[in-house]
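One structure below.
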Amino acid sequence: MTRSLMVLGCTSTAGKSLVVTALCRWLARQGVNVVPFKGQNMSNNARVVAGGEIGVAQWLQARAAGVEASVDMNPVLLKPEADTRSQVVVGGVARPDLTAMPWRERGPHLWPAMEDAYERLAAAHDVVLIEGAGSPAEINLPDLVNKRVLAHTGAEALLVVDIDRGGAFAHLVGTWSLVDDATRNRLAGFVLNKFRGDASLLEPAPSQVTERTGMANMGVLPLLDHQLPDEEGGTIRAHPVGDAPTIAIVRYPYASNLDEWHLLPHAAHVRWAHVPADLDGADLVILPGSKHVAADATWLRQQRLDTRIESAVAAGTRVLGVCGGAMLLGTDVADAHGVEGATAGLGLLPLRTEMALTKTTSPWRARLDKLPAPWADLTGIDLLGYEIRNGVITGECRHAAGVWGRGPVLATTVHGLFEDPAAVHALTSVTPPPVLDTTFDLLADAVEQHLDTELIQRLLA
Numbered sequence: 013m014t015r016s017l018m019v020l021g022c023t024s025t026a027g028k029s030l031v032v033t034a035l036c037r038w039l040a041r042q043g044v045n046v047v048p049f050k051g052q053n054m055s056n057n058a059r060v061v062a063g064g065e066i067g068v069a070q071w072l073q074a075r076a077a078g079v080e081a082s083v084d085m086n087p088v089l090l091k092p093e094a095d096t097r098s099q100v101v102v103g104g105v106a107r108p109d110l111t112a113m114p115w116r117e118r119g120p121h122l123w124p125a126m127e128d129a130y131e132r133l134a135a136a137h138d139v140v141l142i143e144g145a146g147s148p149a150e151i152n153l154p155d156l157v158n159k160r161v162l163a164h165t166g167a168e169a170l171l172v173v174d175i176d177r178g179g180a181f182a183h184l185v186g187t188w189s190l191v192d193d194a195t196r197n198r199l200a201g202f203v204l205n206k207f208r209g210d211a212s213l214l215e216p217a218p219s220q221v222t223e224r225t226g227m228a229n230m231g232v233l234p235l236l237d238h239q240l241p242d243e244e245g246g247t248i249r250a251h252p253v254g255d256a257p258t259i260a261i262v263r264y265p266y267a268s269n270l271d272e273w274h275l276l277p278h279a280a281h282v283r284w285a286h287v288p289a290d291l292d293g294a295d296l297v298i299l300p301g302s303k304h305v306a307a308d309a310t311w312l313r314q315q316r317l318d319t320r321i322e323s324a325v326a327a328g329t330r331v332l333g334v335c336g337g338a339m340l341l342g343t344d345v346a347d348a349h350g351v352e353g354a355t356a357g358l359g360l361l362p363l364r365t366e367m368a369l370t371k372t373t374s375p376w377r378a379r380l381d382k383l384p385a386p387w388a389d390l391t392g393i394d395l396l397g398y399e400i401r402n403g404v405i406t407g408e409c410r411h412a413a414g415v416w417g418r419g420p421v422l423a424t425t426v427h428g429l430f431e432d433p434a435a436v437h438a439l440t441s442v443t444p445p446p447v448l449d450t451t452f453d454l455l456a457d458a459v460e461q462h463l464d465t466e467l468i469q470r471l472l473a
């Protein structure tokens, strides 16, 4: 019989994804056939798997569990493309009809995908670790992802709180008191996450929380110095030792898949670029993916980064554009179907983009040759990546399917190329360490050292 455990959070960023990732690796090291599941995620950091795209958190959790990621692990993905609009992806495939539907009317169309995906995972695996979304105490909203998933699966639940922000005990008791009775009865324990200091000083507060709520104290996780990529946005978590090149990544408002650059800070001095001065002294400028190319093109001009990038190219600085960044390097983006909107590009490459109604989500593999001289070190390397895009790029200076370049400017529709240590070495002359597996084991060790593993086992039994 399949066993399930759900990890809920008092707030977003409390550490749900980290705890699920840690438990995936901890259980996998004991030989348990475990998989992650999150009914609905919201992030512009996505990965292509069998069947389409999912949020990066479930892709990482699957890697920690040692299983192949699938769309069933994240059957509904919301990808913000404006302050009040998100693209809806169901079963790995973008759904324009649901994207256009008012938010409160979507539920009946989304729940069957969540239910079916969970049942398929439960039928094929021994343990399903379920991640909640936001907080289960957001009582102004209909809650499929926490309340309904918990009721459907019959799982016990842990409640994670970020103690580093303060107010952790109020968050725990407040969340417990606001959820409905059915959810409250499933809250078996709580985890104090991101603690720094002497844990013995926390009493009597944890005991008082247990007395008030009945939730067991599952343990205190320290503020871990980990290298797990962010599931939303991007964070620079490392800095190289000694001489290394300087890389500036332009962080426009709708930048996507920023997690794919998580290896670069181990091999180069990486910084986010928001204003022209942020490009000063950069050996390489990266234009990352974009969920809304037209809006980000406008932002580049407002920030005067467009002219600063043009000056950098004229001075011989290498500029790399990935997916939406590649489209921005071209002459223009046409959008006859109203997918995102038309815009002029930077005109640094003779490329034209046409937005298509159908979204491409596919793996990519190639070995490049005859690249322009500044990029010659990338030739001969077996490169792996993935494509997630509506834009179709055509133009001159094509070197391979999805790759164009001229002089110091290189454009590609392919994400994930520089998660390969060999590609990072070709770009920077520095080889990064095996970051992800080291991180997964660090998290699993933290479970073993700091959490009540006997109670976790009992909950799974």
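The numbers in my numbering rise by one with no breaks, and the one at position 234 of the sequence shown is 246.
For each residue, glycine too, the CB sits at the ideal point set by N, CA and C.
For the alpha helix (DSSP H) containing residue i, list its first residue and its last residue.
| i | result |
| --- | --- |
| glutamine 461 | 447 to 462 |
| threonine 5 | This structure cannot speak to residue 5, because the chain is shown only from 13 to 473. |
| isoleucine 468 | 465 to 472 |
| threonine 111 | 108 to 111 |
| alanine 423 | Per DSSP, alanine 423 belongs to no alpha helix (DSSP H); it is in the beta strand (DSSP E), 421 to 424. |
| serine 82 | From DSSP, serine 82 is part of no alpha helix (DSSP H); its letter is neither H nor E. |
| alanine 412 | Alanine 412 -> not in any alpha helix (DSSP H); beta strand (DSSP E) instead, spanning 410 to 412. |
| histidine 437 | 433 to 440 |
| aspartate 193 | 193 to 196 |
| glutamate 220 | Per the sequence presented here, residue 220 reads as glutamine, with glutamate not at that position. Unbroken alpha helix (DSSP H) run through glutamine 220: 217 to 225. |
Return the Cβ separation of residue i and residue j in integer angstroms, given the expectation that the two are a contact with Cβ distance under 8 Å.
| i | j | result |
| --- | --- | --- |
| serine 189 | cysteine 22 | Not a contact, Cβ separation roughly 12 Å. |
| arginine 116 | proline 92 | Actually they are not in contact, since the Cβ atoms of arginine 116 and proline 92 sit about 18 Å apart, beyond 8 Å. |
| serine 98 | leucine 110 | Wrong, their Cβ atoms sit about 10 Å apart, outside the cutoff. |
| alanine 285 | leucine 276 | Contact flag wrong, Cβ pair sits at about 14 Å. |
| leucine 122 | glutamine 52 | 7 Å |
| serine 268 | glycine 301 | 4 Å |
| valine 173 | phenylalanine 202 | 7 Å |
| threonine 370 | valine 60 | At roughly 15 Å, the Cβ-Cβ gap does not stay under 8 Å, so threonine 370 and valine 60 are not in contact. |
| proline 257 | alanine 280 | 5 Å |
| isoleucine 405 | alanine 356 | Not quite, the Cβ-Cβ distance comes to about 15 Å (not below 8 Å), so this is no contact. |
| glycine 299 | glycine 333 | Just to set this straight, residue 299 is leucine in the shown sequence, not glycine. Contact flag correct, Cβ pair sits at about 4 Å. |
| leucine 341 | alanine 423 | 5 Å |
| isoleucine 66 | glycine 119 | Not really, about 20 Å apart at Cβ, beyond 8 Å. |
| histidine 278 | proline 445 | 6 Å |
| leucine 162 | alanine 180 | Leucine 162 to alanine 180, Cβ: 22 Å. No contact. |
Considering just the uninterrupted stretch of the beta strand (DSSP E) at residue i, what are its terminal residues?
| i | result |
| --- | --- |
| arginine 174 | Per the sequence shown, residue 174 should be read as aspartate rather than arginine. Counting along the chain, the beta strand (DSSP E) containing aspartate 174 begins and ends at 168 to 174. |
| serine 24 | Counting along the chain, serine 24 falls outside any beta strand (DSSP E), and DSSP gives it neither H nor E. |
| methionine 230 | 228 to 234 |
| phenylalanine 202 | 199 to 207 |
| proline 92 | 88 to 94 |
| serine 98 | 97 to 102 |
| valine 415 | 415 to 418 |
Might you give, ordered along the chain, the residues of its own chain that have their beta carbon closer than 8 Å to the beta carbon of residue i, omitting 5 neighbours on each side?
| i | result |
| --- | --- |
| valine 139 | Thr14, Arg15, Ser16, Leu17, Leu39, Val44, Asn45, Val46, Val47, Leu472 |
| alanine 348 | Glu366, Met367 |
For residue i, which residues of its own chain have a beta-carbon under 6 Å away from its beta-carbon, when the five flanking residues on both sides are left out?
| i | result |
| --- | --- |
| threonine 478 | This structure does not reach residue 478, given that the chain is present from 13 up to 473, and the question cannot be answered. |
| proline 265 | Trp311 |
| valine 31 | Val19, Val172 |
| alanine 76 | Thr33, Cys36, Arg37, Phe452 |
| alanine 134 | Thr14, Val140 |
| arginine 379 | Asp394 |
| arginine 410 | Trp416 |
| alanine 62 | Ser82 |
| leucine 463 | Met230, Gly231 |
| glycine 359 | Thr343 |
| alanine 294 | Thr258, Ala260 |
| arginine 320 | Pro288, Leu291 |
| valine 227 | Inspection of the sequence shows that residue 227 is occupied by methionine rather than by valine. Cβ within range, chain order: Leu199, Gly201, Phe202. |
| threonine 391 | Leu380, Asp381, Leu383 |
Which same chain residues end up closer than 7 Å to residue i when comparing Cβ atoms and leaving out the 5 residues on each side of it in sequence?
| i | result |
| --- | --- |
| alanine 34 | Leu455, Ala456, Ala458, Val459 |
| glycine 144 | Met18, Val19, Leu20, Gly21, Lys28, Val157, Asn158 |
| leucine 235 | Asp176, Lys206, Phe207, Arg208 |
| alanine 211 | Val232 |
| histidine 137 | Thr14, Asn45, Val46, Val47 |
| arginine 470 | none |
| valine 351 | Met367, Leu369, Asn402 |
Between residue i and chain D, is any beta-carbon pair separated by less than 8 Å?
| i | result |
| --- | --- |
| proline 124 | Absent from the structure is chain D; it holds one protein chain and no more. |
Which runs of the alpha helix (DSSP H) fall wholly inside the region 326 to 406 and span at least 4 residues, in chain order?
The region 326 to 406 contains these whole alpha helix (DSSP H) runs: 336 to 341.
4-residue-minimum alpha helix (DSSP H) runs that sit fully inside the region 38 to 67, ordered along the chain
Taking only runs of at least 4 residues, no alpha helix (DSSP H) segment lies wholly in the region 38 to 67.
Are the region 311 to 329 and the region 363 to 371 touching by the rule of at least three beta carbon pairs closer than 8 Å?
The region 311 to 329, when compared against the region 363 to 371, does not touch it at the 8 Å Cβ threshold.
Does the region 393 to 402 come into contact with the region 415 to 432, if we say contact requires no fewer than three beta-carbon pairs (one atom in each stretch) closer than 8 Å?
The region 393 to 402 makes contact with the region 415 to 432; the number of CB pairs closer than 8 Å reaches 3 or more.
Does the count of Cβ pairs from the region 211 to 224 and the region 241 to 260 closer than 8 Å reach three?
The answer is no - the region 241 to 260 does not touch the region 211 to 224, with fewer than three Cβ pairs under 8 Å.
Which ranges does the beta strand (DSSP E) cover as unbroken runs of at least 3 residues, wholly within the region 248 to 318, from first to last along the chain?
Taking only runs of at least 3 residues, the beta strand (DSSP E) segments lying wholly in the region 248 to 318 are 258 to 262, 281 to 285, 296 to 299.
Contact between the region 412 to 421 and the region 379 to 393 (3+ Cβ pairs under 8 Å)
Short answer: they touch.
To test your reading of the DSSP string, which unbroken beta strand (DSSP E) runs of 3 or more residues are found completely within the region 116 to 187?
Correct list: 139 to 143, 168 to 174.
Given 8 Å as the limit, is there contact between the region 252 to 262 and the region 229 to 243, that is, 3 or more CB pairs closer than that?
Contact between the region 252 to 262 and the region 229 to 243 is not established, with fewer than three Cβ pairs separated by less than 8 Å.
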